[in-house]
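Working notes, structure below.
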Amino acid sequence: MSKKKLKVLVSKVGLDGHDRGVKVVTQMLRNAGMEVVYLGIHQTCEAIVEAAIQEDVDVVGLSSLGGGHLVYSQKILDLLTQRGAGSVPVVLGGTLPFEDIPVLEQMGIRAVFPAGTLGPEIIAAIERVAAARGESPHPGRSQN
């Protein structure tokens, strides 16, 4: 019996147009055998959540190099919960202040990848959070 291929939605929110890193990560995930739905840059939180639900993804991956990650991460988590998809884990990578990492984890971001995180670490973390989906509720989020 074959193992289910993980499906990961990857995107950037808002005006952040720096896409080289997210494209590298997207290709790396594909090379690791994951199905990747890449929405690209300049997406809204609503569009990301809608696509995550329509595509029935295992994980949502966000990239941030331009700031705003605390606000839009919380909004995406809230929208997923409101739409009945609160169990979909969200991960975030990019150029992030280290002091924001515990804040992101507390709000429910399941894995945070600051600049310089190695590819195998990202792959392993995505596999881990996908496998743990629904096992433990996120702080402040209902489990669906």
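Letter by letter, the sequence shown follows residues 5 to 148 in this note's numbering. Quick reminder that beta carbons are idealized off the backbone N, C-alpha and C, glycines included. None of the values given here were measured: they were computed from a predicted structure.
- request: Over the uninterrupted beta strand (DSSP E) stretch that includes Ala136, give me the two end residues.
  value: Per DSSP, Ala136 belongs to no beta strand (DSSP E) and is neither H nor E.
Supposed contact pair Val40 and Arg34 - C-beta distance, whole angstroms, cut 8 Å: 5 Å
message: Please classify Leu122 as buried or exposed, where buried requires at least 16 other C-beta atoms within 10 Å of its C-beta.
response: exposed
- prompt: Does the Cβ of Arg132 have 16 or more other Cβ atoms within 10 Å, making it buried, or fewer, making it exposed?
  reply: exposed
- request: Report yes if the CB atom of Val17 is closer than 8 Å to the CB atom of Gly72, and no otherwise.
  value: yes
- prompt: Who are the Cβ neighbours of Gln47 in its own chain at under 7 Å, not counting the five residues just before and after it?
  reply: Ser15, Lys16 and Val17
Straight-line Cα distance separating Asp62 from Ala56: 9 Å
- request: Following the continuous beta strand (DSSP E) through Ile45, name the residue where it begins and the one where it ends.
  value: Glu39 to Gln47
- prompt: In three-state terms, what does DSSP make of Gly71?
  reply: coil
task: Leaving out five residues on either side along the sequence, give the residues of the same chain with a beta carbon under 6 Å from the beta carbon of Met32.
output: Gly123
query: Taking all protein chains shown into account, do 16 or more other C-beta atoms lie within 10 angstroms of the C-beta of Val92, making it buried, or fewer, making it exposed?
result: buried
task: Flag this pair as yes or no: are the beta carbons of Leu69 and His22 separated by less than 8 Å?
output: yes
Contact set for Leu100: own chain, Cβ-Cβ below 6 Å, skip 5 residues either direction: Pro118
task: Would you grab the beta carbon distance between Ala36 and Ile127 for me? Rounded to a whole angstrom, and I think it's under 8 Å.
output: 5 Å
query: For Gly15, does the three-state DSSP call read helix, strand or coil?
result: Here residue 15 turns out to be Ser, not Gly, going by the sequence shown. Looking at Ser15 - three-state DSSP - the assignment turns out to be strand.
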